[in-house]
Amino acid sequence: MKLTLKIWRQKNAKSKGKFVIYKMENVSPEMSFLEMLDALNKKLVETGDEPVAFEHDCREGICGSCGMYINGHPHGPVPAVTTCLLSMRYFSDGDTITIEPWRALPFPVIKDLIVDRSAMDKIQIAGGFISVNTGAAPEANSILVQKKNAEDAFDSAICIGCGACVAACKNASAMLFVSAKISQYALLPQGRVEAKDRVRAMVEKMDELGFGNCSNTGACEAECPKQIKLTNIARLKREYYKAY
Amino acid sequence: MDKVLFSSVSKKFVMALAGLFLILFLPVHLAINFMLLKSDPGPFNKAAHFMATFPLIRIIEILLVSALLIHISYGIYIQIKNWMARPVGYAIGIKTKTSFFSKFMIWTGASVFTFLVIHFSNFYFIRLGFVKGNPDDFYSVAHELFRIPAYNYIYLLCFILLGLHLYHAISSAFQTLGLNHRFWTPVVKVFAWIYAIAIPAGFAVISITIWQFR
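Listed in order, the protein sequences are those of chains A and B.
Counting from 1, position 85 in the first sequence corresponds to residue 85 in the working numbering; the numbering is continuous, with no gaps.
So the mapping is simple: the working numbering equals the position in the second sequence, first residue as 1, plus 244.
Laid out in C-alpha cells, this is it:
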C-alpha cells in the first residue's frame with residue numbers, strides 16, 4: 001500500500017507544533033499501525049531525520065500507552081482495539097492518515113504524539129485503591145462475592161487508563177475512566193469500606209486537574225478500546241450522592 | 245464545601261433537577277394553550293388569571309423562574325469549563341458516532357432561551373407592567389401574535405429546537421441522577437423521543453391552527 005501520513009510534530013512541550021507530511025510505500029496490510037510507524041521511523045533515521053516520538057510498551061492492548069488520535073478517532077477507526085492492535089488492513093492504498101496526539105488541558109504534549117497522561121495516575125493515587133495491612137493473603141473465600149458483582153467489577157477493572165475516553169469526549173471529560181475505577185471497588189465488599197472517601201477524593205482530583213464535565217454524549221463508550229460502559233458513570237453518580 | 249457544590253457531579257445534578265422541573269411544567273402550559281383553540285376567550289383567560297393569582301401557583305412560578313435561571317447559569321458555566329478543558333482542538337474533528345443532538349445542547353438551549361425572552365416580553369412582562377397590553381385578555385394577545393406569519397416561523401423553529409433539546413435532556417438527566425437501568429433506560433429513551441416530539445407538536449398545532457384557520 002502507498003500511504004500519505006500527516007503527523008503532528010512538536011519538538012517539546014513549549015514549542016509550537018505543526019503537521020508534517022510523509023509518504024510511505026510498500027506498507028503491508030499485515031503490519032500493525034505501530035509497525036508501520038516503526039517503518040517510517042527507520043526511514044527517517046536512515047535519512048538523518050528525527051524519528052516520530054510515540055509511546056508504546058506491551059503492544060498487545062494491555063498497557064494503554066500507545067494512544068494516538070487517528071483520522072478523527074482515538075486509537076483509530078476500528079472499535080475496541082488499541083493503536084498497537086490496529087491492523088493496516090483496515091486502510092486502503094492511497095489513503096491519507098492524519099495522526100494527532102490526545103488533546104486535553106490535563107494532557108499536555110511532551111513531544112510529537114506523546115502526551116503527559118500522569119493526570120490519570122494522580123486521580124488513581126487520590127483514591128483508586130484499597131488500604132490493607134501487609135501480611136499473609138487472607139483466605140479467598142472468607143468474604144463471599146455475588147457472581148454478577150464479581151463479573152461487573154472485572155468488566156470495570158479492565159480499563160487500561162489509556163485516555164481514549166478523554167480524547168474522544170467533546171468536553172475532554174475523564175468521567176468514564178474515573179467511573180470504571182470507582183466501580184471496580186464499589187461492587188466488591190472489600191472496596192465498600194472506603195467507598196465514600198474514594199469517590200469524593202477521585203472526583204475532586206479529576207476536577208482539580210481541569211478535565212471537562214460529562215454531558216452524556218457517549219463518545220467515550222464508543223471509543224473505549226476495552227468497551228467500558230456508561231453504566232459505570234451512573235454508578236459513580238450514585239456513589240457520589242451517597243457519599244454526602 | 246465549594247468543591248462539593250461546584251464539583252463536576254454536583255453541577256450536573258443541580259442542572260438535571262432544574263431541567264426536569266422545567267420539563268414537568270410544559271404539559272401544564274400546553275394544556276392551557278389548547279384553550280386558545282376555543283372561540284370563547286373566557287376559559288383561557290380564566291386559566292391565565294388563575295395561574296397569575298392562585299398563591300400555590302405563584303410559589304411554583306417563583307420556583308420555575310429560579311429553576312430556569314439555575315439551569316441556564318449552570319449550563320453556561322459548565323460549557324465554558326468544557327471549552328477550557330480542550331484549549332487546543334483536533335485538526336480532524338471527532339468522528340465518533342454518538343447522540344447527534346447532545347453535541348448542540350448549549351446552542352439549542354440558547355435558542356430556547358432567546359424565544360423565552362420574546363415570550364416573556366409578550367406575556368409575563370405585560371403582567372408585570374413592563375410592556376403595554378391587557379393582562380386580563382391574554383387570549384387576544386396570543387391570537388394577534390399567532391396571526392403574524394414571522395412570529396409563527398420563529399415560534400415553530402424554536403419549538404423544533406426545544407424538541408431537539410428535550411430529546412437528549414430527558415435521558416441525560418436520568419443518567420446524571422444515577423438512574424441507569426438495563427430495562428428502564430431504553431424505556432426512558434423511547435419516552436424522551438415521544439415527549440420531545442409530542443410537546444413541541446402540540447404547541448405547533450395550536451399556533452398553526454390559529455394562524456391558518458382563525
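Each residue gets a CB set at the ideal place from its N, CA and C atoms; glycine is no exception.
Residues that residue i contacts on chain B, provided the C-beta gap is smaller than 8 Å
{"i": "K18/A", "result": "Those within 8 Å of K18/A in chain B number zero; the least Cβ separation is about 10 Å."}
{"i": "G210/A", "result": "M328, A329"}
{"i": "K11/A", "result": "Residues of chain B passing the Cβ test: none, with the nearest at roughly 16 Å."}
{"i": "R117/A", "result": "Near R117/A there are no residues of chain B at all, since even the closest Cβ is about 15 Å away, more than 8 Å."}
{"i": "A266/A", "result": "Nothing about residue 266/A can be reported from this structure: the residues present for chain A run from 1 to 244 only."}
Chain A contact for residue i (CB, 8 Å cutoff)
{"i": "A354/B", "result": "no"}
{"i": "R302/B", "result": "no"}
{"i": "A335/B", "result": "yes"}
{"i": "S317/B", "result": "no"}
{"i": "V332/B", "result": "yes"}
{"i": "I414/B", "result": "no"}
{"i": "G407/B", "result": "no"}
{"i": "V248/B", "result": "yes"}
{"i": "N277/B", "result": "no"}
{"i": "K256/B", "result": "yes"}
Residue i at chain B interface by Cβ criterion, 8 Å
{"i": "V203/A", "result": "yes"}
{"i": "T4/A", "result": "no"}
{"i": "K181/A", "result": "no"}
{"i": "S245/A", "result": "Absent from the model: residue 245/A. The displayed extent of chain A is 1 to 244, so no value can be given."}
{"i": "C214/A", "result": "yes"}
{"i": "M120/A", "result": "no"}
{"i": "I230/A", "result": "The residue you asked about is not Ile; residue 230/A is Leu in the sequence shown. Yes, because at least one Cβ of chain B sits closer than 8 Å to the Cβ of L230/A."}
{"i": "D207/A", "result": "yes"}
{"i": "N171/A", "result": "yes"}
{"i": "N41/A", "result": "no"}
{"i": "T83/A", "result": "no"}
{"i": "H73/A", "result": "yes"}
{"i": "T134/A", "result": "no"}
{"i": "K237/A", "result": "yes"}
{"i": "R103/A", "result": "yes"}
{"i": "Y185/A", "result": "no"}
Three-way DSSP call (helix, strand, coil) for residue i in this model
{"i": "E100/A", "result": "strand"}
{"i": "M259/B", "result": "helix"}
{"i": "S346/B", "result": "helix"}
{"i": "S118/A", "result": "helix"}
{"i": "Y321/B", "result": "helix"}
{"i": "S65/A", "result": "coil"}
{"i": "Y22/A", "result": "strand"}
{"i": "L37/A", "result": "helix"}
{"i": "V203/A", "result": "helix"}
{"i": "T4/A", "result": "strand"}
{"i": "R192/A", "result": "helix"}
{"i": "K282/B", "result": "coil"}
{"i": "I130/A", "result": "coil"}
{"i": "K42/A", "result": "helix"}
{"i": "R9/A", "result": "strand"}
{"i": "K237/A", "result": "helix"}
{"i": "P331/B", "result": "coil"}
Nearest candidate by alpha-carbon position, reference residue i, set the options
{"i": "L37/A", "options": "E46/A, G48/A, M24/A, D49/A", "result": "M24/A"}
{"i": "N26/A", "options": "G48/A, E50/A, N41/A, D93/A", "result": "D93/A"}
{"i": "G76/A", "options": "T231/A, A167/A, Q184/A", "result": "A167/A"}
{"i": "L423/B", "options": "N232/A, C162/A, C220/A", "result": "N232/A"}
{"i": "F107/A", "options": "G72/A, A119/A, I97/A", "result": "A119/A"}
{"i": "K247/B", "options": "L187/A, R200/A, C220/A, L144/A", "result": "R200/A"}
{"i": "K6/A", "options": "T217/A, A164/A, D155/A, I99/A", "result": "I99/A"}
{"i": "L249/B", "options": "K226/A, V203/A, R192/A, V193/A", "result": "V203/A"}
{"i": "P271/B", "options": "V434/B, K255/B, F447/B, Y397/B", "result": "F447/B"}
{"i": "E151/A", "options": "L188/A, G17/A, Y69/A", "result": "L188/A"}
{"i": "A195/A", "options": "C162/A, K242/A, A153/A, I160/A", "result": "K242/A"}
{"i": "F269/B", "options": "A311/B, F288/B, V449/B, G333/B", "result": "A311/B"}
{"i": "I125/A", "options": "G135/A, D197/A, I114/A", "result": "D197/A"}
{"i": "I160/A", "options": "C66/A, V52/A, T4/A, K16/A", "result": "C66/A"}
{"i": "K16/A", "options": "C220/A, T4/A, K111/A, H73/A", "result": "K111/A"}
Cross-chain neighbours of residue i in chain B, by beta carbon under 7 Å
{"i": "T98/A", "result": "A335, I336"}
{"i": "E223/A", "result": "T340"}
{"i": "G218/A", "result": "T342, S343"}
{"i": "Y22/A", "result": "Going along chain B, no residue has its Cβ under 7 Å from Y22/A, so there is no contact; the nearest lies around 16 Å."}
Where residue i meets chain A, residues with beta-carbon distance less than 8 Å
{"i": "V434/B", "result": "What V434/B touches in chain A: nothing, since even the nearest Cβ is about 17 Å away."}
{"i": "L423/B", "result": "A234"}
{"i": "V349/B", "result": "According to the sequence shown, residue 349/B is Met rather than Val. Ordered by position in chain A, the residues that pass the 8 Å Cβ test against M349/B are S215."}
Proximal chain A residues relative to residue i, where beta-carbon distance stays under 9 Å
{"i": "V361/B", "result": "None at all; the shortest Cβ gap to chain A is about 24 Å."}
Heavy atom of the ligand ADP within 7 Å of residue i beta-carbon
{"i": "S416/B", "result": "Within the structure as shown, the ligand ADP is missing, as the structure has no ligands at all."}
Per-residue contacts from residue i into chain A (C-beta, under 7 Å)
{"i": "V253/B", "result": "V203, K237, Y240"}
{"i": "I322/B", "result": "N213"}
Query - At least 3 beta-carbon pairs within less than 8 Å: the stretch 210-228 of chain A vs the stretch 169-178 of chain A - result: The stretch 210-228 of chain A, when compared against the stretch 169-178 of chain A, does touch it at the 8 Å Cβ threshold.
Query raised in the report: Can we say the stretch 432-443 of chain B touches the stretch 363-378 of chain B, given the rule of at least three CB pairs closer than 8 Å?
Result: No, the stretch 432-443 of chain B does not touch the stretch 363-378 of chain B.
Query raised in the report: Just checking, does the stretch 78-95 of chain A make contact with the stretch 28-42 of chain A on the three C-beta pairs under 8 Å criterion?
Result: Judged by Cβ distances under 8 Å, the stretch 78-95 of chain A makes contact with the stretch 28-42 of chain A, as three or more pairs qualify.
Query raised in the report: Contact between the stretch 234-241 of chain A and the stretch 131-151 of chain A: three or more CB pairs below 8 Å?
Result: No, the stretch 234-241 of chain A is not in contact with the stretch 131-151 of chain A.
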